[in-house]
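2 protein chains.
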Amino acid sequence: MDSIKIFAPGTIANVSCGFDILGLCLDSVGDEMIIRKTAKKGVTISKIVGQILPLETKKNVAGVAALALLEKVDSDCGFDIEIYKNIKPGSGIGSSAASSAGAVFGINKLLGEPFSLAELVPFAMEGEKLASGSAHADNVAPAILGGFTLVRSYTPLDVIKINSPKELFATVIHPQIEIKTADSRSVLKQQVTLKLAVKQMGNLGGLISGLYTENYDLISNSLHDEIVEPNRSILIPGFDDVKKSCLKAGALGSGISGSGPSIFALSKGEETAKEVAKSMGEIYKNIGIDFDIHVSKINQEGIKILK
Amino acid sequence: MDSIKIFAPGTIANVSCGFDILGLCLDSVGDEMIIRKTAKKGVTISKIVGQILPLETKKNVAGVAALALLEKVDSDCGFDIEIYKNIKPGSGIGSSAASSAGAVFGINKLLGEPFSLAELVPFAMEGEKLASGSAHADNVAPAILGGFTLVRSYTPLDVIKINSPKELFATVIHPQIEIKTADSRSVLKQQVTLKLAVKQMGNLGGLISGLYTENYDLISNSLHDEIVEPNRSILIPGFDDVKKSCLKAGALGSGISGSGPSIFALSKGEETAKEVAKSMGEIYKNIGIDFDIHVSKINQEGIKILK
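Top line first, the protein sequences correspond to chains Z and E. Using the numbering used here, the first residue of the first sequence is number 1, and each one after it goes up by one. Using the numbering used here, the first residue of the second sequence is number 1, and each one after it goes up by one.
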């Protein structure tokens, strides 16, 4: 196999009470990538379609992730990457993670899979480090492993795939506004009360339990974030109205996707997820902010080979 | 049925990263209680064997829990309670919870079960309120429901039974020292960093996941409490040595049981749990502190009817 074409999915990180640890993989939105073996060693990015992003290997998240992998394996060839972007950078649904994860997944396949899927996560994290300054795993892990993933620990890195209930669907709306990373960080409070931390842990435990037992009521009751959302949501115009409207439309819960501005909702069944999409869209139509909207099942397998 | 004899089990609350929310039910240590219908309405405590505790209904945790239940149901009779204590008050393995839970479980049975097991939890919590000033559920819930339980929320009360892996055994050592409740509270820090809270949540998510998937390595990797244990353990002489020794003896993890002074360990298999008991005991023999020690499977059913 000399080339591979893949679908590199969008992801939702910071799933409510799972701030910084819980992510999920989307199915209906993602980039396509073509990766080819080249005679010349090293990594090139020959084409990026759909977004203006650096082609220089060391300045591109896919390039940096690919180089991190190649440092750990003997390869007698190099690799060229083409990226067809459908995920908008800065949307909060894992644009950089898709490219980073896709690059290492594709190269690993072309090399005959010297690494397990879990072993690819640290390489992809190097792309995240380039994108945001922090080598976080909560987008690249679900992109690579699929389903819901928990980053249990960073030292050592321990990523766990959590069961995804079959009827769970995600709705994600991306209002076309820009939130500066510096702002989304500066509103985060670095101290929390023990009481609030315990409350959030109760919900996290409930959510994980609900995912394993496929108990949609428990999932719904647990989808709360009282630590980060109250502070970050003020950066997203219309957030409270969107949340209210999608709960009214039948969503199990709703929150900020990643660090925003996208807002996600989880629903039982595709029909409800579509109703939720409609209700979310109405809010931004009224406000007068353009938006993209996606309804997606949970992508159980992560990155997919297209041919 | 005019009388019932029950086994009211000990429990471990604050299971490592599950501070204030995660508890488990023991099988080899617990009180016995006999509850009888009486012609006269109300609740009497006629006998307490094994410990000196108040017989006056409103000053006894079992009495207060029983009264809380009877307030919510029409009963044409009253109830008398005898308690045979095997769990030492102040040991940290749910002495007051066993009595509170046992009283409401027994009376509910004699009344023909007007309440579900989950509905009994708030009544038993009234006993806990008398004992400690706070109506916590993390001991009474596992005593009543059995297995591992998660207190997802107090408002509204939502208690979830979590799967217990079959080969999981608990070892609990009770060094015969007294820790004042005021001290165990005053060492608790009321603020935690967001970073530490996220780390603890990763472990809680890992532990819950490990319990459902019966993944003993994951359970072991997740059994850490970096928020409460570092502060509270200084009140327990020998804690660090006990913890080290039981990990060396093969335990999956170890921590403070409730608010101490008991220390628990979880192990895969009874044999390892017994080895762990031996190693824990050695430490207190060397220090010169008397101790009780229990090795127990996880009690899946909670309170048991003895005849």
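Beta carbons: idealized from backbone N, C-alpha and C, even for Gly.
Legend entry - chain E contact for Q200 of chain Z (CB, 9 Å cutoff): Look at Q200 of chain Z: its C-beta is under 9 Å from a C-beta on chain E.
Inset, instruction - Would you check if the segment 77-88 of chain Z and the segment 242-250 of chain Z touch, i.e. whether three or more CB-CB distances between them fall below 8 Å? - result: The answer is no - the segment 77-88 of chain Z does not touch the segment 242-250 of chain Z, with fewer than three Cβ pairs under 8 Å.
Inset, instruction - Determine the direct distance from the alpha carbon of S134 of chain E to that of S153 of chain E, and round the result to whole angstroms. - result: C-alpha separation (whole angstroms): 15 Å.
Legend entry - Backbone CA spacing between L120 of chain Z and L67 of chain Z [nearest angstrom]: Distance from the CA atom of L120 of chain Z to the CA atom of L67 of chain Z, rounded to whole angstroms, is 12 Å.
Inset, instruction - Below 6 Å CB to CB, which residues in the same chain sit around E301 of chain E once its five sequence neighbours on both sides are set aside? - result: Contacts found: G146.
Inset, instruction - Hey, could you find the ends of the beta strand (DSSP E) Q51 of chain Z is sitting in? - result: Careful: Q51 of chain Z lies outside any beta strand (DSSP E) and carries neither H nor E.
Legend entry - chain E within 9 Å of R152 of chain Z, Cβ atoms only: R152 of chain Z counts as touching chain E.
Inset, instruction - Compare the Cα-Cα distances from G202 of chain E to each of Z:S267, Z:D138, Z:K268 and report the closest residue. - result: The shortest Cα separation from G202 of chain E among Z:S267, Z:D138, Z:K268 belongs to Z:D138.
Legend entry - DSSP three-state assignment for K274 of chain Z, whether helix, strand or coil: Helix.
Inset, instruction - Decide yes or no for the touch test of the segment 34-42 of chain E against the segment 151-167 of chain E: beta carbon pairs closer than 8 Å, at least 3 of them. - result: No: fewer than three Cβ pairs fall under 8 Å.
Inset, instruction - Going by DSSP, name the residue or residues bridged to G78 of chain E. - result: Per DSSP, the beta-bridge partners of G78 of chain E are E:T38.
Inset, instruction - Please check if any C-beta of chain E sits within less than 9 Å of the C-beta of L204 of chain Z. - result: Interface residue, yes.
Inset, instruction - Just confirm the distance between the C-beta atoms of I93 of chain E and V15 of chain E, as a whole number of angstroms; I'd bet it's less than 8 Å. - result: Not confirmed; about 12 Å, so no contact.
Inset, instruction - Since I believe V228 of chain Z is in contact with L188 of chain Z (beta carbons under 8 Å), could you give me their beta-carbon distance rounded to a whole number of angstroms? - result: About 6 Å separates the CB atoms of L188 of chain Z and V228 of chain Z; that is less than 8 Å, so the two are in contact.
Inset, instruction - Kindly indicate the opening and closing residues of the beta strand (DSSP E) around P9 of chain Z. - result: Residues 3-12.
Legend entry - Whole beta strand (DSSP E) elements within the segment 159-208 of chain E, 3-residue minimum: The DSSP assignment places 168-175, 191-193 as complete runs of the beta strand (DSSP E) inside the segment 159-208 of chain E, in order along the chain (cut-off: 3 residues).
Inset, instruction - Flag I48 of chain E as yes if its beta-carbon sits less than 9 Å from any beta-carbon of chain Z, otherwise no. - result: I48 of chain E does not count as touching chain Z.
Inset, instruction - Would you mind reading off the limits of the alpha helix (DSSP H) that contains I144 of chain E? - result: Where I144 of chain E is concerned, the enclosing alpha helix (DSSP H) stretches over 140-145.
Legend entry - Minimum Cβ-Cβ distance from S186 of chain E to chain Z less than 9 Å: Taking Cβ atoms only, chain Z never reaches closer than 9 Å to S186 of chain E, which makes this a no.
Inset, instruction - Less than 8 Å between the CB atoms is what I'm expecting for D127 of chain E and S99 of chain E, so what's the real figure, rounded? - result: Rather than Asp, the amino acid found at residue 127 of chain E in this sequence is Gly. Between G127 of chain E and S99 of chain E, the beta carbon gap of about 7 Å places them in contact (Cβ cut-off 8 Å).
Legend entry - Best match in E:I52, E:I303, E:L223 for proximity to C17 of chain E [C-alpha to C-alpha]: Here the closest residue by C-alpha is E:L223.
Legend entry - Span of the beta strand (DSSP E) around G255 of chain Z: Note, G255 of chain Z: beta strand (DSSP E), 253-256.
Legend entry - Endpoints, beta strand (DSSP E) assigned at F291 of chain E: It spans 291-297 - the beta strand (DSSP E) in which F291 of chain E sits, taken as one unbroken run.
Legend entry - Sequence-distant residues of the same chain with beta carbon closer than 7 Å to G42 of chain Z, five excluded per side: If we look at G42 of chain Z and ignore the five residues flanking it on each side, its Cβ neighbours are G78.
Inset, instruction - List the residues of chain Z whose Cβ lies closer than 8 Å to the Cβ of N221 of chain E, in chain order. - result: Going along chain Z in sequence order, the residues near N221 of chain E (Cβ under 8 Å) are R152, S153, D158.
Inset, instruction - Note down the Cα distance separating A62 of chain Z from N231 of chain Z, rounded to an integer number of angstroms. - result: Each residue's CA atom was taken as its position, placing A62 of chain Z and N231 of chain Z some 32 Å apart.
Legend entry - 9 Å Cβ cutoff met for L306 of chain E and F7 of chain E: Yes. Within cutoff.
Legend entry - N- and C-terminal bounds of the beta strand (DSSP E) containing L266 of chain E: Here the beta strand (DSSP E) through L266 of chain E covers 263-268.
Inset, instruction - Identify which residue in Z:F19, Z:N60, Z:Y84, Z:I4 has its Cα closest to the Cα of D31 of chain Z. - result: That would be Z:Y84, whose Cα lies nearest to the Cα of D31 of chain Z.
Inset, instruction - Would you verify that the beta carbon of V192 of chain Z is, or is not, closer than 9 Å to some beta carbon of chain E? - result: Look at V192 of chain Z: its C-beta is under 9 Å from a C-beta on chain E.
Legend entry - Option nearest D225 of chain Z by Cα separation, candidates Z:K161, Z:E214, Z:V192, Z:D217: Shortest Cα-Cα distance from D225 of chain Z to any of Z:K161, Z:E214, Z:V192, Z:D217 involves Z:V192.
Legend entry - Where the alpha helix (DSSP H) containing L110 of chain Z begins and where it ends: Start and end: 95-110.
Legend entry - Under 7 Å (Cβ pairs) to chain Z, residues found in the segment 103-115 of chain E: Residues: none.
Legend entry - Cβ neighbour criterion (16 or more within 10 Å) applied to K199 of chain Z: By the neighbour-count criterion, in which a residue is buried when 16 or more other Cβ atoms sit within 10 angstroms of its Cβ, K199 of chain Z is buried.
Inset, instruction - Could you round the C-beta distance between L252 of chain Z and I219 of chain Z to whole angstroms and report it? I think they count as a contact, below 8 Å. - result: In this structure L252 of chain Z touches I219 of chain Z by the C-beta definition: roughly 5 Å separates them, less than 8 Å.
Inset, instruction - Taking 9 Å as the cut-off, decide whether the C-beta atoms of K297 of chain E and D27 of chain E are in contact. - result: Less than 9 Å separates the beta-carbon of K297 of chain E from that of D27 of chain E.
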